[in-house]
Amino acid sequence: MAREVSSSEEGRRRSGDQMRRMELEGDDDDAWRRWAVLVATVWIQALTGTNFDFSAYSSALKSSLGISQEALNYLATASDLGKAFGWSSGLALLYIPLHAVLLVAAVLGLAAYALQYGCLISVNLAAIPYPLVFLVCLIAGLSICWFNTVCFVLCIRSFSANNRPLALSLSISFNGLSAAFYTLFANALSPLSPSVYLLLNAILPLAISILALPAILLCHKQDSHLHSMPNHDRRVFLGLYILAFVTGTYLVVFGSFTATRSAARVILTGAMVLLALPLIIPACSSCSHGPDPASPLNHDDPHKPLLTSNNHQTVADAVMEKTMDHQLQGNCCGTILHKGRLAVLGDEHSAKRLIGCVDFWLYYIAYFCGATVGLVYSNNLGQIAQSLHQQSRLTMLLAVYSSFSFFGRLLSALPDVLHRTVSLARTGWLAAALVPMPMAFFLMWKQQDGSALVVGTALVGLSSGFIFAAAVSVTSELFGPNSVGVNHNILITNIPLGSFLYGQIAAMVYDSNGQRMSVMDNRTGTIDTMIVCMGAKCYSTTFFVWGCITLLGLASSIVLFKRTKPAYATTAGRSSCKHQVSS
Numbered sequence: 130m131a132r133e134v135s136s137s138e139e140g141r142r143r144s145g146d147q148m149r150r151m152e153l154e155g156d157d158d159d160a161w162r163r164w165a166v167l168v169a170t171v172w173i174q175a176l177t178g179t180n181f182d183f184s185a186y187s188s189a190l191k192s193s194l195g196i197s198q199e200a201l202n203y204l205a206t207a208s209d210l211g212k213a214f215g216w217s218s219g220l221a222l223l224y225i226p227l228h229a230v231l232l233v234a235a236v237l238g239l240a241a242y243a244l245q246y247g248c249l250i251s252v253n254l255a256a257i258p259y260p261l262v263f264l265v266c267l268i269a270g271l272s273i274c275w276f277n278t279v280c281f282v283l284c285i286r287s288f289s290a291n292n293r294p295l296a297l298s299l300s301i302s303f304n305g306l307s308a309a310f311y312t313l314f315a316n317a318l319s320p321l322s323p324s325v326y327l328l329l330n331a332i333l334p335l336a337i338s339i340l341a342l343p344a345i346l347l348c349h350k351q352d353s354h355l356h357s358m359p360n361h362d363r364r365v366f367l368g369l370y371i372l373a374f375v376t377g378t379y380l381v382v383f384g385s386f387t388a389t390r391s392a393a394r395v396i397l398t399g400a401m402v403l404l405a406l407p408l409i410i411p412a413c414s415s416c417s418h419g420p421d422p423a424s425p426l427n428h429d430d431p432h433k434p435l436l437t438s439n440n441h442q443t444v445a446d447a448v449m450e451k452t453m454d455h456q457l458q459g460n461c462c463g464t465i466l467h468k469g470r471l472a473v474l475g476d477e478h479s480a481k482r483l484i485g486c487v488d489f490w491l492y493y494i495a496y497f498c499g500a501t502v503g504l505v506y507s508n509n510l511g512q513i514a515q516s517l518h519q520q521s522r523l524t525m526l527l528a529v530y531s532s533f534s535f536f537g538r539l540l541s542a543l544p545d546v547l548h549r550t551v552s553l554a555r556t557g558w559l560a561a562a563l564v565p566m567p568m569a570f571f572l573m574w575k576q577q578d579g580s581a582l583v584v585g586t587a588l589v590g591l592s593s594g595f596i597f598a599a600a601v602s603v604t605s606e607l608f609g610p611n612s613v614g615v616n617h618n619i620l621i622t623n624i625p626l627g628s629f630l631y632g633q634i635a636a637m638v639y640d641s642n643g644q645r646m647s648v649m650d651n652r653t654g655t656i657d658t659m660i661v662c663m664g665a666k667c668y669s670t671t672f673f674v675w676g677c678i679t680l681l682g683l684a685s686s687i688v689l690f691k692r693t694k695p696a697y698a699t700t701a702g703r704s705s706c707k708h709q710v711s712s
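According to my numbering, the sequence shown holds residues 130 to 712 in order.
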């Protein structure tokens, strides 16, 4: 009898061991799949930020179409206006699979940029009506939004709530490098031809979409429980972020190198190798890692709020905030800082509730008067360089803006990396990121020379890059993770509005200080009349106005931080209590 009992126990033990081995093998497959998906989103983001190289060909497009600076600004606005229709990508996901949305985005971009390319190289296409060119630019902007939606959804579906912000930040960061990558391709192919940028804008997104398609097909539609191994995942993310930093540094140092075409091709090859290297870390880790006894397997709910913290200091901060609430009640400052503020993070907001939320409008103003100004600056960088006699350094300026925008996006992961040691709300990081923006514009207003232009461009890229990347996580935390698709698209309606308003300010100042000049079109031999402005006066007033606007954005972000700080402290305190109970 004892022999039968021992044999049955041994059988159950063997069966349990076999099930554990099968689970670990399945976890290995899941790990390999999600890292492959993350690398695919990195590739897509790196080569689909086609709106960031607009300034490289904007002067040529203006000359080819024979339009004013104001009309050129409308084309830049049209590209940003496409983002106002970003909701269409979410709607498409309800009816067609994710990989189909990706391919539709690639085809839209191919058609839109191919037609713009034709406007620069073909006499017949240069005569197409201006409204059609406007529509084409809008479609190009829409395609970018569809690419971004695909990458956001891939990261959300593939990673647990603890790792999701890190995956999103890493993926979005590489979008800031698009202009630098396109500059390398242009220098390797035809460094003196602005039209090559439009050709690359049409072809490269389609090519990278096809290359990334196998990894995207591996992504499950929705995992009910996302697996994670904290220590192992932390090591992989650390390796990926180190590689990302090396890639950004490489592009800062060599991104604008145009000595010879052969040298540019060597540099481009090095950049492509760095872009492919992220495959190595997940591939090696999937073969080498085993179960970590100090870090048990987590089965995480994908709808869990993004921010968690175990820092007990936040509980003390919450107590202090309540004490200050009683002291400030009844005065004007207390009303501004406390009336109608969010009580807790992650509370789902419908579109109607969002519009009536004071914190949303503070957030909207901070974005509208911050990152959007930086985007408009990048659109006008070609004319700014030309007016300051820095046209020969335009490719270098593009590389600087792109690379520092990348570093800003990469730094947006700091709230998640340092949340155990720095108890600063993500809205506080957002306010800190806005500080360099007015400094940059006032510097370029006071000292308009080559060195100030480089420093200012770097600061604007760093600041706007951080905000662009952090915005998805901030929207999710403040107004609910399940509503982030709709709410974030409502937030970015400020981009086309700001693109039009701030671009119009720049165009009016430029045209009012410019002179009508006759310019010969080398393709047709015809002489066109257009307004050209040279000297510091062309953008001096614009820099001052933009600096004042970004100060307003900074002030709004500080008020948002003060209003949401108690909600962050409350959420962190609850998380700390739950952690203590579970342990």
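Note that the Cβ used here is the ideal one computed from N, Cα and C, for glycine as well.
Start and end residues, alpha helix (DSSP H) containing residue i
i	result
Leu406	That residue, Leu406, is in no alpha helix (DSSP H); it is neither H nor E in DSSP.
Thr604	579-608
Leu523	523-540
Ala560	555-563
Thr501	500-508
Thr78	Outside the displayed range of the chain (130 to 712) lies residue 78, so it cannot be described from this structure.
Arg286	259-287
Ala185	183-194
Lys481	480-484
Asp545	543-546
Option nearest residue i by Cα separation, candidates the options
i	options	result
Tyr496	Leu683, Ile371, Ile337	Leu683
Ala636	Ala169, Arg162, Thr206, Thr170	Thr206
Ala213	Asn623, Lys191, Tyr697	Asn623
Leu283	Gln245, Ala169, Leu588, Val375	Ala169
Val589	Val505, Asn642, Ile396	Val505
Asn642	Tyr186, Ile660, Gly384, Trp275	Ile660
Leu713	Leu474, Ala234, Ala341	Absent from the structure is residue 713, since the part of the chain shown begins at 130 and ends at 712.
Asp488	Phe181, Trp164, Trp172, Ile687	Ile687
Ala240	Val171, Ser307, Leu333	Leu333
Tyr697	Thr670, Arg482, Arg470	Arg470
Gly195	Met401, Ala221, Ile257	Ile257
Burial state of residue i, where buried means 16 or more other Cβ atoms lie within 10 Å
i	result
Gln576	exposed
Asp209	buried
Gly485	exposed
Arg549	exposed
Ala229	exposed
Lys694	buried
Gly594	buried
His361	buried
Met573	buried
Ser552	buried
Arg538	buried
Ala336	exposed
Ile621	buried
Interface flag, residue i vs chain D, CB-CB below 7 Å
i	result
Leu680	Checking the listed chains, one finds no chain D in this structure; it contains a single protein chain.
Residues of its chain near residue i, where Cβ-Cβ distance is below 8 Å and the 5 sequence neighbours each way are ignored
i	result
Phe571	Phe672, Phe673, Gly676
Met449	Any reading at Met449 is ruled out, since the residue's pLDDT is 44, under 50, leaving its predicted position unreliable.
Val601	Phe281, Leu297, Ile301, Val613, His617
Leu681	Ile494, Cys498
Leu403	Leu372, Val375, Thr376, Tyr379
Leu347	Arg162, Ala165, Val166
Gly579	Leu517, Gln519, Arg522
Own chain partners of residue i with C-beta closer than 6 Å, once the 5 adjacent residues on each side are dropped
i	result
Phe263	Ala207
Leu244	Val265
Ser541	Ser298, Phe595, Ala598, Ala599
Asn330	Thr179, Tyr242
Phe303	Val171, Gln174, Ala175
Ala569	Gly585, Leu588, Val589
Ala581	Leu572, Met573
Ile268	Leu237, Ala241
Close-in-space but distant-in-sequence residues of the same chain around residue i (CB under 7 Å, 5 per side omitted)
i	result
Gly368	Ile410
Gln456	Only weak support exists for where Gln456 lies, its pLDDT of 49 falling under 50; the value from the coordinates is given anyway. Excluding positions up to five away in sequence, the list is empty.
Leu435	Reliability of the predicted coordinates at Leu435 is poor, the pLDDT of 47 falling under 50, and the value obtained from them is presented with this limitation in mind. The residues are Ala290, Arg293, Pro294, Ser602, Ser605, Glu606, Pro610.
Tyr326	Asp182, Ala185, Tyr186, Tyr311, Ala315
Asp545	Pro294, Leu295
Leu232	Ser338
Gly664	Ser516
Distance cut-off 6 Å: residue i Cβ against heavy atoms of the ligand ATP
i	result
Trp172	The ligand content of the structure shown is nil, which means the ligand ATP is not present either.
Runs of alpha helix (DSSP H) lying entirely within the stretch 203-229, each at least 4 residues, in chain order: Whole alpha helix (DSSP H) segments, 4+ residues: 216-222.
Completely contained beta strand (DSSP E) runs for the stretch 297-359, where each covers 3 or more residues: Those beta strand (DSSP E) runs which fall completely within the stretch 297-359 and span 3+ residues are 355-357.
Minimum length 4: unbroken alpha helix (DSSP H) runs contained in the stretch 621-645: Runs of the alpha helix (DSSP H) inside the stretch 621-645: 623-642.
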